[in-house]
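Colleague: Heads up: the sequence shown begins at 573 in the numbering used here, then just goes up one per residue. Glycine residues also receive a C-beta, built at the ideal position from the N, C-alpha and C atoms. Computed from a prediction, not measured in an experiment: that's the story for all the values here.
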Amino acid sequence: MIIYSNGQFIPDSEALFTIDNRAFQYGDGVFETMLYKNNSIRYFSDHFSRLQKSMACMELTNEICSNETELENIIHELIKKNGYGADVRIKLMVHRNWGGLYAPESTNGILTVLVKEHIASNQISKEYVVFSDDVRNHYYKGSMYKLLSSGRYVLAGLEMKRRKANDIIITDIDGNVSECLQANLFWIKNNTIYTPGIETGCIDGVMRKQIQQYCAVTNIEFKTGFYNITELEKSDIVFAGNVAGLTPFAQIEKVKFRTEHELFDKLKKHLT
């Protein structure tokens with residue numbers, strides 16, 4: 573496999589980093605996960621915009637990452653070099669150059685891009701979903717961005733596997749629902765779409781933005797805020813959403829939900 577790192581297209585077998593690499597030592601960096609489909613990177617401008625914000629938050633700089641067209645061209649070239657022609661999963665990472673302990677000595681960011689074939693899930697719904705007992709979200713300056721230091725999601729993923737669930741819902745420190753393991757959380761009640769506010773500590777997802785924009789142009793009520801578990805359980809349909817798609821939940825803990833809904837079907841048809 574060919575990757576792009578630090579200005580070069582190189583085989584993934586070549587050594588990339590030294591032992592003092594800050595991504596390895598501190599998880600010091602940011603990332604974006606994107607989907608290439610039908611010869612284009614879906615919602616690339618929104619991913620680029622979030623990348624800019626996350627890098628500014630972490631005080632990272634990289635010349636290529638300041639030029640949307642150049643960055644997009646590099647990704648397209650990388651896909652071509654790997655011989656992919658259909659659906660492709662893209663992971664873009666920017667980590668800080670070496671130097672310093674918790675207080676870094678540099679703002680210089682090193683760009684790395686990986687691509688691999690994306691196999692779309694044939695999962696119609698997530699049959700069993702649980703609330704996390706081990707992990708709680710909280711809001712801070714960088715909580716809405718995708719940071720390389722993703723320990724809370726690893727812990728939640730381990731809990732999900734241990735409990736033999738198909739997904740896991742993370743709540744915030746006050747017990748409000750926040751997000752799923754790899755996606756934002758949504759639900760519909762009386763034809764209003766709800767999602768937890770960024771203040772719960774969830775990721776400010778690209779699909780979240782697409783749903784919000786779709787609601788704005790179609791006059792569908794879209795609400796964000798703090799919602800407890802009881803409010804979620806009273807909804808008509810609950811679903812997870814990211815750039816890979818929208819997937820309804822058949823059951824959360826002991827509560828069962830419908831997996832079909834007219835408004836959900838419209839969202840899925842328009843956005844995925």
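1. Relative to the alpha-carbon of D744, which residue among I792, N762, Y799 and H690 has its alpha-carbon at the smallest distance?
2. Report the option in I824, Q695, L588 and D592 whose CA atom is closest to the CA atom of R735.
3. Would you mind sorting T679 into buried or exposed? The rule is 16 or more other CB atoms within 10 Å of its CB.
4. Taking A737 as the reference, give the member of D808, A822 and I691 with the closest Cα.
5. For the ligand NAP, any of its heavy atoms closer than 8 angstroms to the Cβ of F581?
6. Of all Cβ atoms in chain C, is any one closer than 9 angstroms to the Cβ of N610?
7. Hey, would you say F616 sits closer than 9 angstroms to L719, going by beta carbons?
8. Quick one, are the C-beta atoms of Y766 and E803 less than 9 angstroms apart?
9. Quick check on DSSP: helix, strand or coil for L818?
10. Ignore the nearest five residues each way along the sequence and tell me which others in F581's own chain have a CB closer than 8 angstroms to its CB.
11. Can we say the region 742-761 touches the region 771-787, given the rule of at least three CB pairs closer than 8 angstroms?
12. Compute the Euclidean distance between the alpha carbons of F836 and G681, then round it to the nearest angstrom.
13. For A788, which residues does DSSP report across the bridge?
14. Tell me which residues share the same chain as T684 and place their Cβ nearer than 6 angstroms to its Cβ, disregarding the 5 neighbours each side in the sequence.
15. Three or more C-beta pairs under 8 angstroms: does that hold for the region 614-628 against the region 582-591?
16. Note down the Cα distance separating A692 from I591, rounded to an integer number of angstroms.
17. Out of curiosity, what's the CA-to-CA distance linking L686 and T605?
18. To which residues of the same chain is V660 closer than 6 angstroms at the C-beta, ignoring the five residues directly before and after it?
19. Buried or exposed: which applies to Y717, given that a residue is buried once 16 or more other Cβ atoms fall within 10 Å of its Cβ?
20. Which partner residues of S577 appear in the DSSP bridge assignment?
21. Could you check which residue in I662, E834, L730 and I636 has the C-alpha nearest to that of S612?
22. Taking the DSSP output, what are the residues bridged to C752?
23. Below 8 angstroms CB to CB, which residues in the same chain sit around G747 once its five sequence neighbours on both sides are set aside?
24. Return helix, strand or coil for Q624, following the three-state DSSP convention.
Modeller: Looking at the coordinates:
1. Y799
2. I824
3. Looking at its Cβ environment, which holds fewer than 16 other Cβ atoms inside 10 Å, T679 is exposed.
4. A822
5. Looking at this structure, you won't find the ligand NAP or any other ligand, since it has none at all.
6. Absent from the structure is chain C; it holds one protein chain and no more.
7. no
8. yes
9. strand
10. I574, I575, E649, L650 and K653
11. yes
12. Approximately 40 angstroms, taken between the alpha carbons.
13. According to DSSP, residue pairing for A788 in a beta bridge does not occur.
14. S577 and M665
15. no
16. Inter-residue distance for A692 and I591 is about 35 angstroms (C-alpha atoms, whole angstroms).
17. 10 angstroms
18. Y608, I651, V687 and H690
19. buried
20. Q580 and T684
21. Per the C-alpha coordinates, the member of I662, E834, L730 and I636 positioned closest to S612 is I662.
22. I741
23. N800 and I801
24. helix
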